[in-house]
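Down below is the structure, laid out as C-alpha cells.
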Ligand SMILES: [Cu+2]
C-alpha cells in the first residue's frame with residue numbers, strides 16, 4: 012500500500028514536471044519567434060551602413076527651398092538628441108514631402124542624421 016502510494020506520487024510528480032517542461036518549451040518558442048520578428052527591423056536600420064535613428068520634432072516651417080531640397084524649421088526640443096528648441100535647416104529626403112511643407116505651417120516631422128546632415132523622412 013505504502014509503496015503504491017509513493018509510486019503514484021512519483022508518477023504524478025513526473026507527469027507534472029513533464030507538463031512544466033512542455034510549457035517551458037512553448038515559452039522558449041515564443042522568444043525565438045520574437046527574435047525572428049525583430050530581425051527584419053535590425054536589417055532595415057543597418058541598411059545605411061551607420062545606425063539610423065529616427066528622431067521626432069514638431070515645429071513651424073520658416074522657409075522652404077524645393078530647389079535645394081531644404082526646409083527651415085523652428086522646432087521644439089528633441090529629447091532623442093538633447094536638443095533645445097531652435098531654428099535650423101533640414102534636408103528633405105523625398106520631393107513629395109514638399110507638398111506638405113509650406114511657410115508658417117505647423118508640422119510634425121521624423122528625421123534622421125545622414126553623415127553631417129539632418130534629413131526629414133516624414134511630414135505630418
Ligand atoms: Cu535643431
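In the working numbering, the protein residues as written are 12 to 135.
Note that CB positions come from ideal geometry on N, CA and C, so glycine has one too.
All values reported here derive from a predicted model rather than from experimental measurement.
Taken atom to atom, the span from the alpha-carbon of residue 116 to that of residue 62 is near 31 angstroms. Annotation for residue 99 indicates a beta carbon within 6 angstroms of some heavy atom of ligand 1. In the displayed model, residue 110 falls within a helix according to three-state DSSP. Counting only the Cα atoms, residue 89 lies some 7 angstroms from residue 96. Nearest neighbour of residue 85 by Cα position, chosen from 91, 68, 92, turns out to be 68. For residue 70, the enclosing beta strand (DSSP E) has its first and last residue at 66 to 76. Distance from the Cα of residue 127 is smallest, within the candidate group 120, 102, 111, 118, for 102. For residue 96, there is no enclosing beta strand (DSSP E), since its DSSP letter is neither H nor E. The shortest C-alpha to C-alpha distance from residue 110 to any of 135, 65, 123 is the one to 135. Judged by DSSP secondary structure, residue 123 falls within the beta strand (DSSP E) whose first and last residues are 117 to 125. As the crow flies, the alpha-carbon of residue 119 is around 10 angstroms from that of residue 72. With a threshold of 16 other beta carbon atoms within 10 Å, residue 112 meets it and is buried. For residue 81, the enclosing beta strand (DSSP E) begins and ends at 81 to 86.
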